[in-house]
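In the numbering used here, the protein residues as written are 2 to 326.
All residues carry an ideal CB built from backbone N, CA and C; glycine is no exception.
Encoded as structure tokens, the structure appears first; notes follow it.
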């Protein structure tokens with residue numbers, strides 16, 4: 002079993018100006034780590050970068066990022082930079098692969114040369130499994146991605162496993178459910194929480210695609226951050242294969258879009274009506290991820306969906322009020 006030391010570390014968070022990455026950067030600073038943030042700000046926001054982090058505006062597929070990784074010799078790389086929009090990956094799979102595959106390879110080559118201690122890779126539970134045969138879906142389930150985004154995330158795990166087996170680069174992959182919370186980007190699948198919140202605040206009806214009975218596994222960003230801190234130092238199996246180093250980060254519960262909308266309306270204390278639109282082609286019908294593996298390491302999702310939605314709505318409402326002021 003391999004384990005990272007718990008003393009103060011040199012940590013690089015790619016995508017650290019984005020939704021999840023910025024929360025991860027905050028958490029590493031709070032535990033006493035020295036943190037570097039890399040982001041090209043194509044979707045992230047400069048104001049999300051914590052004040053204590055050293056910020057570099059860089060393309061993850063570019064030479065300058067490789068130079069940084071080799072020069073510093075990070076103890077940990079938390080890789081959250083990505084092209085996250087499934088529909089954009091379908092429209093332009095080449096761009097998606099440049100960011101999500103070539104960008105990771107650039108980091109891996111530099112990590113190999115620079116002696117990086119461990120890489121924590123943000124993968125996607127909903128995207129890599131495709132339409133599930135088993136619910137909740139365990140890590141060992143067949144991987145049948147239905148989008149270029151899912152293909153790229155799965156390829157990333159295979160590349161990481163290759164670099165571990167051949168070059169000794171240590172890693173763990175976290176297969177996220179649908180992450181939501183403060184600072185949320187409205188473009189990802191869980192972005193529906195941000196989209197619904199903003200429509201409620203503007204008095205607009207909630208737009209639901211299809212019949213609204215499609216389900217997702219919504220996990221709060223604070224829980225995802227705790228999983229990242231755990232993955233940064235936990236003992237990992239030496240067994241071969243991508244599933245030996247992968248952990249679903251999820252609640253194990255299905256929530257329909259209709260139920261999500263109702264819970265968010267309750268949290269907001271308002272209802273603006275709903276409009277039902279044509280279903281999106283290729284959208285997964287159901288998704289929920291089994292989190293027993295990471296649960297055995299002591300991780301459990303803390304807030305209920307209602308609590309998480311209330312905190313998220315309050316944060317978005319505050320941000321919208323500040324923007325208008």
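What number of angstroms, rounded off, separates the C-alpha of residue i from the C-alpha of residue j?
{"i": "residue 161", "j": "residue 180", "result": "23 Å"}
{"i": "residue 157", "j": "residue 105", "result": "7 Å"}
{"i": "residue 57", "j": "residue 99", "result": "20 Å"}
{"i": "residue 222", "j": "residue 279", "result": "30 Å"}
{"i": "residue 51", "j": "residue 26", "result": "7 Å"}
{"i": "residue 281", "j": "residue 213", "result": "11 Å"}
{"i": "residue 153", "j": "residue 94", "result": "9 Å"}
{"i": "residue 55", "j": "residue 207", "result": "39 Å"}
{"i": "residue 131", "j": "residue 249", "result": "14 Å"}
{"i": "residue 300", "j": "residue 129", "result": "22 Å"}
{"i": "residue 72", "j": "residue 114", "result": "9 Å"}
{"i": "residue 167", "j": "residue 196", "result": "43 Å"}
{"i": "residue 259", "j": "residue 318", "result": "21 Å"}
{"i": "residue 254", "j": "residue 116", "result": "39 Å"}
{"i": "residue 354", "j": "residue 59", "result": "Residue 354 lies beyond the range of the chain shown here (2 to 326); nothing can be said about it."}
{"i": "residue 217", "j": "residue 139", "result": "15 Å"}
{"i": "residue 352", "j": "residue 48", "result": "Since the first residue shown for the chain is 2 and the last is 326, residue 352 is missing from the structure and cannot be characterised."}
{"i": "residue 306", "j": "residue 127", "result": "18 Å"}
Using a Cβ-Cβ cutoff of less than 8 Å, which residues in the same chain neighbour residue i once the five nearest sequence positions on both sides are dropped?
{"i": "residue 108", "result": "15, 61, 66, 67, 70, 78, 80 and 120"}
{"i": "residue 229", "result": "25, 28, 79, 121 and 175"}
{"i": "residue 44", "result": "19, 85, 186 and 188"}
{"i": "residue 134", "result": "142 and 143"}
{"i": "residue 323", "result": "none"}
{"i": "residue 53", "result": "30 and 36"}
{"i": "residue 170", "result": "109, 112, 113, 117, 120, 161 and 164"}
{"i": "residue 257", "result": "213, 214, 215 and 216"}
Residue i bridges to which residues according to DSSP?
{"i": "residue 55", "result": "37"}
{"i": "residue 138", "result": "290"}
{"i": "residue 319", "result": "Answer by DSSP bridge pairing: none, since residue 319 is not bridged."}
{"i": "residue 11", "result": "35"}
{"i": "residue 125", "result": "177"}
For residue i, which option in the options has the closest C-alpha, if you only look at C-alpha atoms?
{"i": "residue 74", "options": "40, 25, 13 and 133", "result": "13"}
{"i": "residue 296", "options": "197, 202, 232 and 167", "result": "232"}
{"i": "residue 110", "options": "224, 288, 22 and 164", "result": "164"}
{"i": "residue 272", "options": "82, 205, 92 and 194", "result": "205"}
{"i": "residue 102", "options": "267, 124 and 92", "result": "124"}
{"i": "residue 146", "options": "264, 284 and 274", "result": "284"}
{"i": "residue 304", "options": "182, 10 and 139", "result": "182"}
{"i": "residue 241", "options": "172, 307 and 184", "result": "172"}
{"i": "residue 201", "options": "247, 219 and 263", "result": "263"}
Excluding the 5 residues flanking residue i on each side, which residues of the same chain have their C-beta closer than 6 Å to its C-beta?
{"i": "residue 87", "result": "148 and 150"}
{"i": "residue 309", "result": "221"}
{"i": "residue 210", "result": "278, 280 and 281"}
{"i": "residue 320", "result": "none"}
{"i": "residue 9", "result": "33 and 34"}
{"i": "residue 82", "result": "15, 16 and 61"}
{"i": "residue 266", "result": "272"}
Please go through the same chain and pick out, in chain order, the residues whose beta-carbon is closer than 7 Å to the beta-carbon of residue i, but skip the five residues on each side of it.
{"i": "residue 1", "result": "This structure does not reach residue 1, given that the chain is present from 2 up to 326, and the question cannot be answered."}
{"i": "residue 314", "result": "198, 265, 268 and 269"}
{"i": "residue 286", "result": "132 and 215"}
List in chain order: all unbroken beta strand (DSSP E) runs of 3+ residues lying wholly within the region 13 to 50. 35 to 39
Quick one: which unbroken beta strand (DSSP E) runs of 3-plus residues sit fully inside the region 237 to 264? Chain order, please. 247 to 250
Every unbroken alpha helix (DSSP H) within the region 276 to 302, with a cutoff of 4 residues, ordered by chain: 293 to 296
Uninterrupted beta strand (DSSP E) stretches inside the region 50 to 121 (no shorter than 3 residues): The qualifying runs are 55 to 57 and 77 to 80.
Length-filtered (4 minimum) alpha helix (DSSP H) runs lying within the region 149 to 231: 149 to 168 and 193 to 202
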